[in-house]
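Student: One gets this note's numbering by counting positions in the sequence shown from 1 and adding 30 to each. Note that beta-carbon positions come from the ideal geometry of N, C-alpha and C, so glycine has one too. Handing you this structure, nothing more for now.
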Amino acid sequence: MQLALFDLDNTLLAGDSDFEWGQFLISQGVLDRELHLARNLQFYEDYKAGTLDIHAFLEFQLKPLSMHARSQLDAWHDLYMEQKVRPMMTDKARALIEKHKANGDLMVIITATNSFVTNPIAREYGVEHLIGTVPEEVGGEFTGRVSGVPSFKEGKVTRLNQWLAERGQKLEDFETTWFYSDSHNDLPLMKMVQQPVAVDPDPQLKAYAEENGWPIMSLR
31 MQLALFDLDN TLLAGDSDFE WGQFLISQGV LDRELHLARN LQFYEDYKAG
81 TLDIHAFLEF QLKPLSMHAR SQLDAWHDLY MEQKVRPMMT DKARALIEKH
131 KANGDLMVII TATNSFVTNP IAREYGVEHL IGTVPEEVGG EFTGRVSGVP
181 SFKEGKVTRL NQWLAERGQK LEDFETTWFY SDSHNDLPLM KMVQQPVAVD
231 PDPQLKAYAE ENGWPIMSLR
């Protein structure tokens, strides 16, 4: 069996679902534009620079989930998918997924973005398995806190190993392992697979990929 791992934001998507969720809530009047826009932009810049404080970001990003009923959040998410996400889903990304599906590979989207935002996106792409940062729930409603290890940087390695262990597997069991990502934040996991692929990479990842002879591709 072979394992294909995909980052989501700026890899399978031509944009960032986490950032766009915040922008969507601002556009709907759910979040105050003046209070939230600058912080949303700053967190996004920190992420690109590799300096993101993941816990501070998650406190900021998950709080709105705790302030509204799940039914309302689901309704907003349907509109968000239509307005923000589907325009970021590229034909080349779909073709890559279909290529691995046709090969019978085990496919996983692994993302730092929380699973409330990303589960419907994974389903839209036809990828059964998602490893994302998990927002804590009590009685079906979100608390605004994180459950477990955030799926970010080294946390992606931890979460993948946990997920495989639950299946009675480990990374070494697979004949071939791929990980497609755009971000230098994903280097801890990219270094662990047999076939790391830089997808529309940021400058830091592009330089590392060129230095180490990794393939570079575009899904745009």
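1) Is DSSP giving S52 helix, strand or coil here?
2) Where K78 and N70 are concerned, what is the direct C-alpha to C-alpha distance, given to the nearest angstrom?
3) What three-state label does DSSP hand P231 in the structure shown?
4) By the DSSP assignment, the alpha helix (DSSP H) with E205 in it spans what residues?
5) Grab me the residues of L92's own chain with a C-beta within less than 6 angstroms of its C-beta, minus the 5 sequence neighbours each way, in chain order.
6) Taking the alpha carbon of Y155 as the point to measure from, which residue in G170, R116 and N133 has its own alpha carbon closest?
7) Fully enclosed by the segment 124–211, which alpha helix (DSSP H) runs are 4 residues long or longer?
8) Quick one: is G170 buried, meaning 16 or more other Cβ sit within 10 Å of its Cβ, or exposed?
9) State buried or exposed for E50, treating a residue as buried only when at least 16 other CB atoms are found within 10 Å of its CB.
10) Thinking just about the alpha-carbon of each residue, which of A142, H159 and W244 is nearest to the one in R197?
11) First and last residue of the alpha helix (DSSP H) that includes L92?
12) Would a C-beta distance cut-off of 8 angstroms place V147 and I127 closer than the cut-off?
13) Does the Cβ-Cβ distance between I84 and P180 come in under 8 angstroms?
14) On the three-state DSSP scale, how would you describe Q32?
15) Could you compute how far the alpha carbon of F36 sits from the alpha carbon of V60?
Tutor: Taking the coordinates as given:
1) It should be pointed out that residue 52 corresponds to Gly in this sequence rather than to Ser. Three-state result, G52: helix.
2) 13 angstroms
3) coil
4) Unbroken run through E205: none, as it is neither H nor E.
5) P165 and G174
6) R116
7) 145–155 and 184–196
8) exposed
9) buried
10) H159
11) I84 to S96
12) no
13) yes
14) strand
15) 31 angstroms
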